[in-house]
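Participant:
4 protein chains.
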Amino acid sequence: MGQRGRKKGANGERSRSLLLAIAADEFAHKGFSDTKISTIVKRANLSQPTFYLYFESKESVFQELIQLFRSKLFDLTKSSRLEPGIDLTSVPERISQVLAAIFHFFKENPNLTRIGLFVGEEAEDIKKQLSKQIMDNLISEQENGYFHLVLT
Amino acid sequence: MGQRGRKKGANGERSRSLLLAIAADEFAHKGFSDTKISTIVKRANLSQPTFYLYFESKESVFQELIQLFRSKLFDLTKSSRLEPGIDLTSVPERISQVLAAIFHFFKENPNLTRIGLFVGEEAEDIKKQLSKQIMDNLISEQENGYFHLVLT
Amino acid sequence: MGQRGRKKGANGERSRSLLLAIAADEFAHKGFSDTKISTIVKRANLSQPTFYLYFESKESVFQELIQLFRSKLFDLTKSSRLEPGIDLTSVPERISQVLAAIFHFFKENPNLTRIGLFVGEEAEDIKKQLSKQIMDNLISEQENGYFHLVLT
Amino acid sequence: MGQRGRKKGANGERSRSLLLAIAADEFAHKGFSDTKISTIVKRANLSQPTFYLYFESKESVFQELIQLFRSKLFDLTKSSRLEPGIDLTSVPERISQVLAAIFHFFKENPNLTRIGLFVGEEAEDIKKQLSKQIMDNLISEQENGYFHLVLT
DNA sequence: CATGAATGAGACTTCATTCAT
DNA sequence: CATGAATGAAGTCTCATTCAT
Numbered sequence: 001m002g003q004r005g006r007k008k009g010a011n012g013e014r015s016r017s018l019l020l021a022i023a024a025d026e027f028a029h030k031g032f033s034d035t036k037i038s039t040i041v042k043r044a045n046l047s048q049p050t051f052y053l054y055f056e057s058k059e060s061v062f063q064e065l066i067q068l069f070r071s072k073l074f075d076l077t078k079s080s081r082l083e084p085g086i087d088l089t090s091v092p093e094r095i096s097q098v099l100a101a102i103f104h105f106f107k108e109n110p111n112l113t114r115i116g117l118f119v120g121e122e123a124e125d126i127k128k129q130l131s132k133q134i135m136d137n138l139i140s141e142q143e144n145g146y147f148h149l150v151l152t
Numbered sequence: 001m002g003q004r005g006r007k008k009g010a011n012g013e014r015s016r017s018l019l020l021a022i023a024a025d026e027f028a029h030k031g032f033s034d035t036k037i038s039t040i041v042k043r044a045n046l047s048q049p050t051f052y053l054y055f056e057s058k059e060s061v062f063q064e065l066i067q068l069f070r071s072k073l074f075d076l077t078k079s080s081r082l083e084p085g086i087d088l089t090s091v092p093e094r095i096s097q098v099l100a101a102i103f104h105f106f107k108e109n110p111n112l113t114r115i116g117l118f119v120g121e122e123a124e125d126i127k128k129q130l131s132k133q134i135m136d137n138l139i140s141e142q143e144n145g146y147f148h149l150v151l152t
Numbered sequence: 001m002g003q004r005g006r007k008k009g010a011n012g013e014r015s016r017s018l019l020l021a022i023a024a025d026e027f028a029h030k031g032f033s034d035t036k037i038s039t040i041v042k043r044a045n046l047s048q049p050t051f052y053l054y055f056e057s058k059e060s061v062f063q064e065l066i067q068l069f070r071s072k073l074f075d076l077t078k079s080s081r082l083e084p085g086i087d088l089t090s091v092p093e094r095i096s097q098v099l100a101a102i103f104h105f106f107k108e109n110p111n112l113t114r115i116g117l118f119v120g121e122e123a124e125d126i127k128k129q130l131s132k133q134i135m136d137n138l139i140s141e142q143e144n145g146y147f148h149l150v151l152t
Numbered sequence: 001m002g003q004r005g006r007k008k009g010a011n012g013e014r015s016r017s018l019l020l021a022i023a024a025d026e027f028a029h030k031g032f033s034d035t036k037i038s039t040i041v042k043r044a045n046l047s048q049p050t051f052y053l054y055f056e057s058k059e060s061v062f063q064e065l066i067q068l069f070r071s072k073l074f075d076l077t078k079s080s081r082l083e084p085g086i087d088l089t090s091v092p093e094r095i096s097q098v099l100a101a102i103f104h105f106f107k108e109n110p111n112l113t114r115i116g117l118f119v120g121e122e123a124e125d126i127k128k129q130l131s132k133q134i135m136d137n138l139i140s141e142q143e144n145g146y147f148h149l150v151l152t
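Protein chains in written order, with UniProt numbering: chain A, 1 to 152; chain B, 1 to 152; chain C, 1 to 152; chain D, 1 to 152.
Listed below in structure tokens is the structure:
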């Protein structure tokens with residue numbers, strides 16, 4: 001039997017994430033209103049009630065995805081905050097690393113990104129908040145003397 | 001009867017364009033699926049059957065708007081085709097005039113533009129076709145020796 | 001043609017009151033949860049969407065019926081308020097008239113009464129308010145010297 | 001193994017009566033249709049399949065409760081049947097004892113009583129049967145010469 | 001030219017109930 | 001003894017569209 005000890009209940013989480021992934025895909029490609037629960041569950045080979053076993057409503061899955069995008073993304077930018085006393089020569093490199101990480105994240109999570117940046121009503125908010133956080137990082141870096149911002 | 005001579009057809013056309021304009025606004029701001037006929041006619045102070053007096057279906061109004069955008073826009077770019085033998089010194093000015101005309105058109109027709117470039121499923125097609133036509137113009141101009149393209 | 005001038009739109013109100021009456025009957029006999037919109041419209045020879053043409057939701061028809069009961073009933077008790085200077089000998093007769101009117105109303109509107117007094121969640125409230133109003137009337141009558149209350 | 005001798009069947013019966021009691025409470029307070037199996041098992045800290053381990057269906061628990069009410073109640077009234085040759089002076093007392101027992105039963109079993117007398121579709125039947133049995137008792141007592149019924 | 005009235009089709013959601021472990 | 005997971009059936013509600021006047 002070895003490493004196949006899981007059995008009972010093991011598929012609950014699997015079903016949930018399957019549904020979540022398919023939902024992300026549908027929302028990303030068709031928008032909220034054109035995404036049908038019936039399509040999601042059909043693609044997951046499950047029945048409609050199963051969807052409601054794991055999510056409260058269509059709206060709530062959508063919100064969950066938006067939140068997921070927000071938290072993953074802001075974790076990324078937050079981790080980029082530079083600390084005083086750092087080796088000055090490494091600063092530009094770190095900045096570019098963060099931007100690279102962001103674009104890498106976008107590329108690795110295209111559905112989530114589409115939803116977060118283009119589909120949701122909060123899209124504008126998210127973009128603003130993202131810009132602000134990046135800006136703040138840059139500014140705090142600037143204040144720490146790492147470099148000078150030149151606005152044009 | 002005297003001053004009641006105007007009438008037949010007059011209000012018909014008025015209602016039609018009113019509906020079309022409101023539809024454009026709704027489609028532009030809410031997308032296809034979230035646009036409801038009931039909202040359109042309410043805003044126009046008309047009834048639902050009246051809508052079907054002028055349009056075959058929701059889909060068909062949408063297509064009509066897409067067509068309108070396409071034709072207006074391509075008329076614009078077509079009219080910019082330069083003819084051989086033109087005064088060479090006026091070329092840069094004409095090119096900038098065309099681009100200005102396009103952006104002016106975008107600004108003057110925000111709803112149509114949103115629909116044509118972002119809402120419709122044909123959006124990608126339209127953008128490609130638009131780029132191509134502009135490119136073609138530039139190239140034909142280039143071939144006519146007006147200038148040299150430098151791709152970077 | 002004579003007195004049959006009504007035609008267009010005349011049946012809207014008819015459909016509405018038909019649905020309302022049937023709804024009252026169903027709610028009275030089966031309670032809120034066991035009353036199905038599908039049954040109501042079937043009995044009215046109408047389709048489900050028609051129901052929503054006239055009512056916002058199942059809940060809202062129910063509330064409308066409760067309100068109807070309340071207002072009709074309280075109109076009845078309100079109209080019973082005795083005014084000072086009335087012929088004293090007529091007081092007992094008027095009181096009994098009001099009670100008779102109430103019971104007559106109950107008998108004439110059995111569905112509404114069942115809903116108002118037994119089905120709705122507000123039933124207890126309504127009963128209390130009804131008692132209070134009757135009491136108030138009696139007391140004001142008593143204060144006006146029409147008679148003396150003897151509580152036992 | 002020692003002190004783990006009690007077990008098999010013990011918890012089973014415990015779960016069963018727990019579910020039955022909660023079901024009674026829910027049915028009594030919300031009626032049949034608004035009572036959900038999911039609520040019952042949640043309150044019992046059990047799962048839905050467990051419910052079906054002990055009962056065949058929602059309907060069947062309901063019927064079981066109705067039967068329970070009926071049998072308990074009719075046991076009560078049956079035990080009140082007076083036998084010929086009894087001491088005549090004790091008759092009124094015994095009658096009042098039976099009525100007291102009935103009302104005591106109602107008070108001690110409020111949920112069952114609500115279900116039996118007000119919720120179930122058989123409510124009317126039960127009430128009739130109850131009246132009849134009480135009546136029969138009275139009549140048989142009357143026939144036995146214990147007293148004379150005076151209907152007004 | 002216009003509308004009041006009505007509806008078929010289909011979406012989201014809930015619930016009693018079962019399967020497999 | 002008990003449960004995690006799943007579902008058929010049915011209910012409420014919405015929307016594009018049509019009929020008859």
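Glycine included, each C-beta is placed from N, C-alpha and C at the ideal position.
What you are looking at is a predicted structure, and each value in this text was computed from that prediction instead of being measured.
Report all residues from its chain with a CB closer than 6 Å to the CB of Gln133 of chain A; omit the five preceding and five following residues, and keep chain order.
Facilitator: Taking the first residue of the first sequence as 1, we reach residue 133 of chain A at position 133. Excluding positions up to five away in sequence, the list reads Thr77.
Participant: Here's the rule: buried if 16 or more other CB atoms are within 10 angstroms of the residue's CB, otherwise exposed. What is Val150 of chain A?
Facilitator: To locate residue 150 of chain A, count along the first sequence from 1; it is residue 150. Note that Val150 of chain A has pLDDT 48, beneath the 50 cutoff, so the model's placement of it is unreliable and no number is given.
Participant: State whether the stretch 33-42 of chain C contacts the stretch 117-127 of chain C, with contact taken as three or more CB pairs (one from each stretch) at a distance under 8 Å.
Facilitator: They do not touch, by the three-pair rule.
Participant: Would you mind telling me which residues of chain D sit closer than 8 Å to Asp125 of chain C, beta carbon to beta carbon, in chain order?
Facilitator: Along the third sequence, read from residue 1 onward, the residue named residue 125 of chain C stands at position 125. Those within 8 Å of Asp125 of chain C in chain D number zero; the least Cβ separation is about 17 Å.
Participant: Return the residue from the list B:Phe55, B:Phe51, B:Ile102 that minimises the CA-CA distance to Ser71 of chain B.
Facilitator: Numbered from 1 along the second sequence, position 71 holds the residue referred to as residue 71 of chain B. Cα-wise, what sits closest to Ser71 of chain B is B:Ile102.
Participant: If you draw a straight line from the alpha carbon of Leu68 of chain B to that of Leu18 of chain B, how long is it in whole angstroms?
Facilitator: Locating residue 68 of chain B in the second sequence gives position 68, counting from the first residue. Locating residue 18 of chain B in the second sequence gives position 18, counting from the first residue. Their Cα atoms are separated by approximately 15 Å.
Participant: Under 9 Å, Cβ to Cβ, is there at least one residue of chain B near Ser38 of chain A?
Facilitator: The residue labelled residue 38 of chain A in the question sits at position 38 within the first sequence. False, the Cβ-Cβ gap to chain B never drops below 9 Å.
Participant: Could you work out which residues of chain B lie near Asp34 of chain A, taking near to mean beta carbons separated by less than 7 Å?
Facilitator: Locating residue 34 of chain A in the first sequence gives position 34, where the first residue counts as 1. The contacting residues are Ser33.
Participant: Look up Met1 of chain B in the DSSP assignment and say whether it is helix, strand or coil.
Facilitator: By one-based count along the second sequence, residue 1 of chain B stands at place 1. Per-residue confidence for Met1 of chain B stands at a pLDDT of 42, beneath the threshold of 50, marking its modelled position as unreliable; the derived number appears in the next sentence. Correct three-state label for Met1 of chain B: coil.
Participant: So, under 8 Å CB-CB, Asp25 of chain B and Asn111 of chain B are touching, yes? Tell me the CB distance rounded to an integer number of Å.
Facilitator: For the purposes of this step, residue 25 of chain B is taken as residue 25 along the second sequence, with counting starting at 1. For the purposes of this step, residue 111 of chain B is taken as residue 111 along the second sequence, with counting starting at 1. Indeed, because the Cβ distance is near 5 Å, the residues count as touching under 8 Å.
Participant: For Leu65 of chain B, which of B:Gly12, B:Ser131, B:Leu117 has the nearest alpha-carbon?
Facilitator: Mapped onto the second sequence, residue 65 of chain B falls at position 65. Out of B:Gly12, B:Ser131, B:Leu117, B:Leu117 has the C-alpha closest to the C-alpha of Leu65 of chain B.
Participant: Which value, in whole angstroms, describes the spacing of the CA atoms of Asp136 of chain B and Leu130 of chain B?
Facilitator: To locate residue 136 of chain B, count along the second sequence from 1; it is residue 136. To locate residue 130 of chain B, count along the second sequence from 1; it is residue 130. Rounded to whole angstroms, Asp136 of chain B to Leu130 of chain B spans 10 Å at the Cα level.
Participant: If you follow the alpha helix (DSSP H) that Lys58 of chain C is part of, which residue opens it and which one closes it?
Facilitator: Counting from one through the third sequence, the residue named residue 58 of chain C turns up at place 58. Note, Lys58 of chain C: alpha helix (DSSP H), 58-78.
Participant: Any C-beta of chain D sitting closer than 9 Å to the C-beta of Gly2 of chain C?
Facilitator: For the purposes of this step, residue 2 of chain C is taken as the residue at position 2 of the third sequence. Per-residue confidence for Gly2 of chain C stands at a pLDDT of 39, beneath the threshold of 50, marking its modelled position as unreliable; the derived number appears in the next sentence. Chain D contact via Cβ: absent.
Participant: So what's Ser45 of chain A in DSSP terms, helix, strand or just coil?
Facilitator: Position 45 of the first sequence, counting from 1, holds the residue named residue 45 of chain A. According to the sequence displayed, residue 45 of chain A carries Asn and not Ser. It is coil, neither helix nor strand.
Participant: According to the neighbour-count rule (16 or more other Cβ atoms, all chains shown, within 10 Å of its Cβ), is Gly12 of chain C buried or exposed?
Facilitator: Mapped onto the third sequence, residue 12 of chain C falls at position 12. It is exposed - the Cβ of Gly12 of chain C has fewer than 16 other Cβ atoms within 10 Å.
Participant: Can you name, in chain order, every residue of its own chain whose Cβ lies under 8 Å from the Cβ of Phe105 of chain A, other than the five neighbours on each side?
Facilitator: The residue labelled residue 105 of chain A in the question sits at position 105 within the first sequence. Only Lys72, Leu73, Leu76, Thr113 meet the Cβ criterion.
Participant: Does DSSP put Gly31 of chain A in a helix, in a strand, or in coil?
Facilitator: Numbered from its first residue, the first sequence carries residue 31 of chain A at position 31. The answer is coil: DSSP assigns Gly31 of chain A none of H, G, I, E or B.
Participant: List the endpoints of the continuous alpha helix (DSSP H) containing Asn111 of chain A.
Facilitator: Locating residue 111 of chain A in the first sequence gives position 111, counting from the first residue. 110-114 is the span of the alpha helix (DSSP H), which, as asked, contains Asn111 of chain A.
Participant: Beta-carbon separation of Ser15 of chain C and Leu53 of chain C under 9 Å?
Facilitator: Counting from one through the third sequence, the residue named residue 15 of chain C turns up at place 15. Counting from one through the third sequence, the residue named residue 53 of chain C turns up at place 53. Contact flag set, yes.
Participant: Spatial neighbours of Arg4 of chain C within its chain, please: CB distance less than 8 Å, with the 5 preceding and 5 following residues excluded, ordered by chain position.
Facilitator: Position 4 of the third sequence, counted from the start, is the residue given in the question as residue 4 of chain C. Low per-residue confidence applies at Arg4 of chain C: pLDDT is 43, beneath 50, and the placement is therefore not dependable, though the value from the model is reported in the following sentence. Hits under 8 Å: none found.
Participant: How big is the Cα-Cα spacing for Glu108 of chain B and Gln63 of chain B?
Facilitator: Residue numbering aside, residue 108 of chain B sits at position 108 when the second sequence is read from its first letter. Residue numbering aside, residue 63 of chain B sits at position 63 when the second sequence is read from its first letter. C-alpha separation (whole angstroms): 20 Å.
Participant: Kindly list the residues whose CB is nearer than 6 Å to the CB of Leu20 of chain B, restricted to its own chain and excluding five residues on each side of it in sequence; keep chain order.
Facilitator: As a working mapping, residue 20 of chain B is identified with position 20 in the second sequence. Excluding residues within five positions, none has a Cβ falling inside 6 Å.
Participant: If you measure between the beta carbons of Gly120 of chain A and Gly31 of chain B, is that distance less than 9 Å?
Facilitator: The sequence position of residue 120 of chain A within the first sequence is 120, counting from 1. The sequence position of residue 31 of chain B within the second sequence is 31, counting from 1. No. Outside cutoff.
Participant: With DSSP run on the structure shown, which of helix, strand or coil describes Gly120 of chain B?
Facilitator: Within the second sequence, residue 120 of chain B is the residue found at index 120, counting from 1. Residue state, collapsed to three classes: coil.
Participant: With a threshold of 16 other CB atoms inside 10 Å of the CB of Ala28 of chain B, please say whether the residue is buried or exposed.
Facilitator: Taking the first residue of the second sequence as position 1, residue 28 of chain B is located at position 28. Buried is the call here.
Participant: Throw me the rounded Cβ distance for the Val61 of chain B and Ala23 of chain B pair, which I believe falls under 8 Å.
Facilitator: To locate residue 61 of chain B, count along the second sequence from 1; it is residue 61. To locate residue 23 of chain B, count along the second sequence from 1; it is residue 23. Contact flag correct, Cβ pair sits at about 5 Å.
Participant: Give me, in chain order, the residues of the same chain whose beta-carbon lies closer than 7 Å to that of Phe51 of chain C; leave out the 5 immediate sequence neighbours on both sides.
Facilitator: In the third sequence, the residue the question calls residue 51 of chain C occupies position 51. The residues are Leu19, Ile37, Ile40, Val41.
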